[in-house]
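This report refers to the structure that appears directly beneath it.
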Amino acid sequence: MSGLDYPFSFECNNCGRETTVTRDDARGYYPDPDSPNAARVVLEQRGWKQGEFEKTLFCPACAGRKN
Ligand SMILES: [Zn+2]
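Just so we're aligned, residue 2 is where the sequence shown starts under our numbering, counting upward by one.
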């Protein structure tokens, strides 16, 4: 299998804010940037949180408001 198709863009399901994860970002936080987990780890480091459903994401501001 070839590597993942970086960069990935993610959008907050609440406010529409966007964040982009590049291969370099992933490499900084995760030993293998081609792992499916790599982008998720970068998002967690940035304070983004996954919602109840797999494709639901909230930016730090919206994730904090929910708690
Ligand atoms: Zn948001």
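Here a beta-carbon is modelled for each residue, glycine too, at the ideal position from N, C-alpha and C.
At least one heavy atom of ligand 1 sits closer than 7 Å to the Cβ of R18. E19 has E12 as its beta-bridge partners, per DSSP.
With respect to the C-alpha of T23, the residue from E53, E12, A39 and N14 having the closest C-alpha is A39. One Cα belongs to P61, the other to E19, and the distance between them is close to 11 Å.
Not a single heavy atom of ligand 1 lies less than 7 Å from the C-beta of F11.
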